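J.:
Numbering (our numbering), first residue to last: -9 to 242.
1) Report yes if the C-beta distance between residue 228 and residue 185 is below 8 angstroms; otherwise report no.
2) Let me know the beta strand (DSSP E) ranges lying completely inside the segment 83 to 133, each 3 residues or longer, listed in chain order.
3) Looking at the strands, I want to know which residues DSSP matches up with residue 45.
4) How big is the Cα-Cα spacing for residue 165 and residue 60?
5) Is it right to say residue 93 is buried, meaning 16 or more other beta carbons lie within 10 angstroms of its own, or is it exposed?
6) Who are the near neighbours of residue 156 in its chain, counting only those whose CB is closer than 7 angstroms to its CB and skipping five residues on each side?
7) Assign residue 160 to one of three DSSP states: helix, strand, or coil.
8) Just how far apart, CA to CA, sit residue 188 and residue 134?
9) Pick from 132, 3 and 120: whose alpha carbon is nearest that of residue 147?
10) Name the one or two DSSP bridge partners that residue 190 has.
11) Please go through the same chain and pick out, in chain order, the residues whose beta-carbon is closer than 8 angstroms to the beta-carbon of residue 225, but skip the five residues on each side of it.
12) Where does residue 10 sit, in a helix, a strand or coil, going by DSSP?
13) What span of residues does the beta strand (DSSP E) with residue -6 cover, start to end?
14) Could you give the DSSP three-state label for residue 81: helix, strand or coil?
15) So, is residue 73 buried or exposed, given that buried needs 16 or more other C-beta atoms within 10 angstroms?
16) Could you spell out the range, first to last residue, of the beta strand (DSSP E) harbouring residue 143?
17) With distances taken between CB atoms, is the gap from residue 207 to residue 2 smaller than 8 angstroms?
18) Would residue 145 pass as a contact of residue -3 if the rule is Cβ separation under 8 angstroms?
19) Pick from 222, 160 and 162: whose alpha carbon is nearest that of residue 178?
20) In three-state DSSP terms, what is residue 27?
21) Give the straight-line distance between the Cα atoms of residue 55 and residue 125, rounded to the nearest whole angstrom.
22) With a CB to CB cut of under 8 angstroms and the five nearest residues on each side skipped, what residues in its chain are close to residue 182?
23) Name the residue from 47, 70, -9 and 25 whose alpha carbon lies nearest to the alpha carbon of residue 53.
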């Protein structure tokens, strides 16, 4: 198994990280830890270097930060990502977040930073991991113009069935997280999306299936079970396919 997107580098895990990683190693091939800001990018790279054969890093710029940061911070973060391209598996999480009504300048800044990151991914032939909350179709319409980006992952996909199938048509990957355990809408999309376009993630510490507890990579098993029931395919086949997809998209 592979957790294709989590945040074990976040401070939520400072007291439990080592134990979680050791327990996860028993069943998993890799954990992909994703940065979201200049600080979390640095932490993710540092921690994953301590577990180099097991934890891997993506460096990104969460749109909520990109929308409010000043130009100096934006440029520092973009340069940080460029300077570390040889040390990471993808650029992400990046994208757009329309979960709240944004001021016009914040909306514009999110778009500007997103396009800059897409150009970096194009120039350096890097996969991208998208955070596009309430902006799935809009982001897809932008990303599909960047045809030279090698692989595109829609992290924690919660868009419509139509958007999902269009993303599949472009060869993109949809990553299903633990929030899908309780969603009839997600179950319907799982049935439609081909297995070769699916990834599984926890987005730990978020989206925990257990109220009051932080999420953790071991809950990937629950997602695979959910996909198995939805698609009526054996657990082992889902496990192998999603593992193979993650290794392909992240060049592992």
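Every residue gets a Cβ at the ideal spot worked out from N, C-alpha and C, and that includes glycine. Quick caveat, the model's predicted, so the values are computed rather than measured.
T.: On the basis of the coordinates in this document:
1) Taking the first residue of the chain shown as 1, we reach residue 228 at position 238. Taking the first residue of the chain shown as 1, we reach residue 185 at position 195. Contact flag set, yes.
2) 118 to 121
3) Counting from 1 along the chain shown, the entry for residue 45 is found at position 55. For residue 45, which the question treats as bridged, DSSP gives the partners 21.
4) Counting from 1 along the chain shown, the entry for residue 165 is found at position 175. Counting from 1 along the chain shown, the entry for residue 60 is found at position 70. Their Cα atoms are separated by approximately 31 angstroms.
5) In the chain shown, residue 93 corresponds to position 103, counting from 1. With fewer than 16 other Cβ atoms within 10 Å, it is exposed.
6) Within the chain shown, numbered from 1, the residue matching residue 156 stands at position 166. Hits under 7 angstroms: 130.
7) Start at 1 with the first residue of the chain shown, and residue 160 comes out as number 170. Looking at residue 160 - three-state DSSP - the assignment turns out to be coil, as it is neither helix nor strand.
8) On the chain shown, residue 188 is found 198 positions in, with the first residue counted as 1. On the chain shown, residue 134 is found 144 positions in, with the first residue counted as 1. Rounded to the nearest angstrom, the two C-alpha atoms are 18 angstroms apart.
9) Within the chain shown, numbered from 1, the residue matching residue 147 stands at position 157. If we check each option's Cα against that of residue 147, 120 comes out closest.
10) Looking up residue 190 in the chain shown gives position 200. Residue 190 is bridged to 166.
11) Within the chain shown, the letter at position 235 stands for residue 225. Only 214, 215 and 218 meet the Cβ criterion.
12) By one-based count along the chain shown, residue 10 stands at place 20. In the structure shown, residue 10 sits in a helix (DSSP, three-state: H, G or I).
13) Within the chain shown, residue -6 is the residue found at index 4, counting from 1. Per DSSP, residue -6 belongs to the beta strand (DSSP E) from -8 to -4.
14) Residue mapping note: residue 81 aligns to position 91 of the chain shown, counting from 1. Residue 81 falls in the strand class under three-state DSSP.
15) In the chain shown, the residue the question calls residue 73 occupies position 83. Exposed, because fewer than 16 other Cβ atoms sit within 10 Å of the Cβ of residue 73.
16) Sequence index remark: in the chain shown, residue 143 carries index 153 (1-based). Where residue 143 is concerned, the enclosing beta strand (DSSP E) stretches over 142 to 144.
17) Locating residue 207 in the chain shown gives position 217, where the first residue counts as 1. Locating residue 2 in the chain shown gives position 12, where the first residue counts as 1. Cβ atoms of residue 207 and residue 2: not closer than 8 angstroms.
18) Taking the first residue of the chain shown as position 1, residue 145 is located at position 155. Taking the first residue of the chain shown as position 1, residue -3 is located at position 7. For residue 145 and residue -3, no; Cβs fall outside 8 angstroms.
19) Within the chain shown, residue 178 is the residue found at index 188, counting from 1. The shortest Cα separation from residue 178 among 222, 160 and 162 belongs to 222.
20) Translated into the one-based positions of the chain shown, residue 27 becomes position 37. Note: residue 27 maps to coil in three-state DSSP.
21) As a first step, residue 55 must be located in the chain shown, where it is residue number 65. As a first step, residue 125 must be located in the chain shown, where it is residue number 135. The straight-line gap from Cα to Cα measures roughly 16 angstroms.
22) Counting from 1 along the chain shown, the entry for residue 182 is found at position 192. Excluding sequence neighbours, residue 182 sits near 151, 154 and 155.
23) Walking along the chain shown from the start, residue 53 turns up at place 63. When only C-alpha atoms are compared, the closest one is 25.
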